[in-house]
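Notes follow once the structure below has been shown.
There are 2 protein chains.
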Amino acid sequence: MDNPLARKLEHFVRLSDADHLWLAAALGPTRTVAARTDIVEEGDDPTAVFVILDGWAGRYRQLADGRRQIVALLLPGDCCDPHVFLLDRRDHAITALTTVTLARIPGPAFLDLEARSPPLQEAFRRETLITAAVQREGSVSLGRRSAIERMAHLFCELHVRLATVGLAAGNTYPMPLTQVDLADVLGQTAVHTNRVLHDLRAENLITLERRRLTIHDPARLRELALFDPAYLHLTEHAVDR
Amino acid sequence: MDNPLARKLEHFVRLSDADHLWLAAALGPTRTVAARTDIVEEGDDPTAVFVILDGWAGRYRQLADGRRQIVALLLPGDCCDPHVFLLDRRDHAITALTTVTLARIPGPAFLDLEARSPPLQEAFRRETLITAAVQREGSVSLGRRSAIERMAHLFCELHVRLATVGLAAGNTYPMPLTQVDLADVLGQTAVHTNRVLHDLRAENLITLERRRLTIHDPARLRELALFDPAYLHLTEHAVDR
DNA sequence: AGCCGCCTCTAACCTGGGTTACCCTCGCCC
DNA sequence: GGGCGAGGGTAACCCAGGTTAGAGGCGGCT
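Sequence order for the protein chains is G and D.
Per my numbering, residue 102 is the first one in the first sequence, and the count goes up by one each step.
Per my numbering, residue 102 is the first one in the second sequence, and the count goes up by one each step.
Structure below.
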């Protein structure tokens with residue numbers, strides 16, 4: 102209902118009132134993490150699931166010489182599965198890009214949830230598949246889109262993803278990333294990120310000020326980005342416009 | 102026992118003889134797919150799992166203007182989960198890069214397998230997580246590694262992955278990809294792929310002839326690639342040397 | 001044998017994006 | 001108020017990698 106995870110899942114599968122209640126009940130106490138600090142600590146219970154309730158986080162990996170690549174952005178409603186860390190002991194980290202509020206679903210509660218409600222199970226399965234699809238689309242961007250297409254694509258994707266959790270107001274949404282963060286998502290330097298931002302503004306496609314992004318011409322931005330929202334697999338609303 | 106999937110899973114978890122038998126029994130009849138044709142057809146049973154027994158395949162996505170990015174390489178022992186296609190109806194495809202032999206585990210048989218054997222369940226879970234880690238590392242390469250580092254990294258990764266299914270002989274292994282395919286994996290042009298290949302040879306790091314790659318100086322290649330095999334999460338052998 | 005198509009390899013040229021080195025603004029702290 | 005640090009914005013220069021255009025090699029087909 103008022104939590105972004107429920108909102109998102111509702112886009113995949115129709116959930117009953119009972120599902121909403123169970124889901125809300127499964128969420129443990131919330132925790133707040135300051136910007137620029139890592140979220141999942143070593144030794145966290147790997148069977149629990151973290152849910153971002155507010156703020157943006159990033160999954161990233163840093164090379165030995167300092168180069169950083171943000172491999173995924175985690176927005177409100179996104180889950181991160183610390184059991185990745187069972188395996189991936191320190192092969193990557195998740196950092197809070199803004200102040201982040203998160204809840205935790207303990208492992209048993211999560212299994213119980215899935216066992217109790219087939220729709221919820223289905224919804225979580227879709228969640229997982231879509232996360233993977235977003236990841237693949239990121240590889241396509243990094244490998245085959247130019248800098249400006251890449252940024253345009255990211256802005257289109259964020260628009261859709263934020264809209265599904267009710268965080269976009271028409272064609273405008275919060276964009277709390279610094280240009281350095283953005284560069285680390287897009288696989289560019291911060292200088293070039295600034296240039297591309299300049300170009301998008303000059304084309305009158307967007308404005309970005311005081312941490313809010315406005316898309317002036319969604320159709321043209323999508324065309325430039327070669328953006329096809331199919332990979333996000335949303336059912337109805339929010340995909341168009 | 103002699104199938105590459107069993108070999109790979111054995112690296113994650115110790116499997117009993119019974120596990121091996123069950124696994125072998127679950128594999129349905131094999132199918133052969135010609136090079137350059139798509140593997141998963143529309144309308145395939147989405148609950149089944151395909152296992153590559155021989156040959157190389159690639160998960161790719163093609164942009165409207167023809168640019169192609171191969172997002173993952175599927176080697177013998179790798180699984181592909183056509184239930185991705187439940188969601189991702191035609192947002193990407195899997196193609197045989199060589200002639201491919203594959204087996205199919207029907208959905209119910211797969212569930213049965215996991216229910217019957219906790220080690221197998223654990224092994225498949227790891228398989229999934231590692232696949233995701235490989236994907237992330239690919240993004241790091243595309244975003245933050247230079248062309249030569251990227252190719253070196255790919256060659257190191259393939260070495261480890263093929264070794265775990267017994268397809269590398271010391272420092273040499275089959276490399277059936279054309280330079281065009283390689284370019285589509287690495288997010289470059291074929292011309293540049295050729296140049297980089299030239300440079301790696303000139304540095305005396307590798308030879309590649311008649312579809313076999315030999316790594317002459319694994320330590321130096323890894324250093325150049327900033328390759329850290331941690332993300333592949335293999336337990337013993339095959340990682341070092 | 002001769003042709004054709006796919007693949008490798010190379011050279012010449014050009015450009016997108018990296019590098020370096022600044023300045024400016026704004027918010028925070030003393 | 002003044003100092004300081006983080007972030008945004010630019011300019012000048014340069015190089016990694018894209019583009020275009022061909023030249024050989026090799027295997028399969030007729």
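Glycine included, each C-beta is placed from N, C-alpha and C at the ideal position.
Note that this is a predicted model, so its numbers are computed, not measured.
*Is there at least one Cβ from chain G nearer than 7 Å to residue 332 (chain D)'s Cβ?*
yes
*Would you check if the distance between the CB atom of residue 204 (chain D) and the CB atom of residue 154 (chain D) is smaller than 7 Å?*
yes
*Taking the alpha-carbon positions, what's the residue 167 (chain G) to residue 281 (chain G) distance?*
14 Å
_Let me make sure I understand the geometry here. Which of G:299, G:106 and G:245 has the alpha-carbon closest to that of residue 328 (chain G)?_
G:245
*Chain-ordered residues of the stretch 269-298 of chain D with a beta carbon less than 7 Å from chain G*: 288
_As assigned by DSSP and simplified to three states, the class of residue 336 (chain D)_ = coil
*Give the DSSP-derived three-state secondary structure of residue 225 (chain G) in the structure shown.*
helix
*asked:* For a cutoff of 7 Å on Cβ pairs, would you count residue 338 (chain D) as touching chain G?
replied: Bear in mind that a pLDDT of 40 at residue 338 (chain D), under 50, signals an unreliable position, so the model cannot answer this.
_Any chain D beta carbon closer than 7 Å to residue 167 (chain G)_ = no
*asked:* Residues in the same chain with beta-carbon distance under 6 Å from residue 159 (chain G), minus the five sequence neighbours each way, listed in chain order, please.
replied: 171, 174, 196 and 198
_Of the residues D:298, D:304 and D:126, the one placed nearest residue 210 (chain D), counting alpha carbons only_ = D:126
*Three-way DSSP call (helix, strand, coil) for residue 288 (chain G) in this model*: coil
_Within 7 Å, strictly: CB atoms of residue 156 (chain G) and residue 201 (chain G)_ = yes
*Is the shortest distance between the beta-carbon of residue 327 (chain D) and the beta-carbons of chain G less than 7 Å?*
yes
*What are the partner residues of residue 151 (chain D), as DSSP defines its beta bridges?*
D:181 and D:205
*Shortest alpha-carbon distance to residue 151 (chain D) belongs to which of D:207, D:231 and D:300?*
D:207
_Looking at chain D, is there any beta carbon in it that lies within less than 7 Å of the beta carbon of residue 318 (chain G)?_
no
*With distances taken between CB atoms, is the gap from residue 300 (chain G) to residue 249 (chain G) smaller than 7 Å?*
yes
*Counting contacts by CB-CB distance shorter than 7 Å, is residue 198 (chain D) in contact with chain G?*
no
*If you draw a straight line from the C-alpha of residue 333 (chain G) to the C-alpha of residue 133 (chain G), how long is it?*
28 Å
*the stretch 145-173 of chain G: which residues have C-beta closer than 7 Å to a C-beta of chain D, in chain order?*
162, 164, 165, 168, 170 and 172
*Shorter than 7 Å from the beta carbon of residue 222 (chain G) to some beta carbon of chain D?*
no
*Apart from the five residues just before and just after residue 136 (chain D), which ones in its own chain have a Cβ nearer than 6 Å to its Cβ?*
197, 199 and 200
*If you check the beta carbons only, do residue 243 (chain G) and residue 288 (chain G) fall under 7 Å apart?*
yes
*Could you have a look at residue 120 (chain D) and say whether DSSP puts it in helix, strand or coil?*
helix
_Which listed residue (D:294, D:176, D:234 and D:112) has its alpha carbon closest to that of residue 274 (chain D)_ = D:176
*What does a CB cutoff of less than 7 Å around residue 315 (chain D) pick up in its chain, not counting 5 residues either side in sequence?*
272, 273, 307 and 308
*Quick one, which residues of the stretch 223-235 of chain D are near chain G if we go by CB-CB under 8 Å, in chain order?*
227, 230, 231, 233 and 234
*asked:* When you compare the CB of residue 239 (chain G) with every CB in chain D, is at least one pair closer than 7 Å?
replied: yes
*asked:* Taking 7 Å as the threshold (beta carbon to beta carbon), is residue 341 (chain G) in contact with chain D?
replied: With a pLDDT of only 38 at residue 341 (chain G), under the threshold of 50, the placement of this residue in the model should not be trusted, and no figure is reported.
*Considering residue 249 (chain D), what are the terminal residues of the alpha helix (DSSP H) in which it resides?*
248-265
*Within 10 angstroms of the Cβ of residue 219 (chain D), are there 16 or more other Cβ atoms? Answer buried if so, exposed if not.*
exposed
*Smallest Cα separation from residue 214 (chain D): which of D:103, D:233 and D:121?*
D:121
*Excluding the five sequence neighbours on either side, which residues of its own chain have a C-beta within less than 8 Å of the C-beta of residue 290 (chain G), listed in chain order?*
284
*Using a C-beta cutoff of 7 Å, does residue 259 (chain G) count as contacting chain D?*
no
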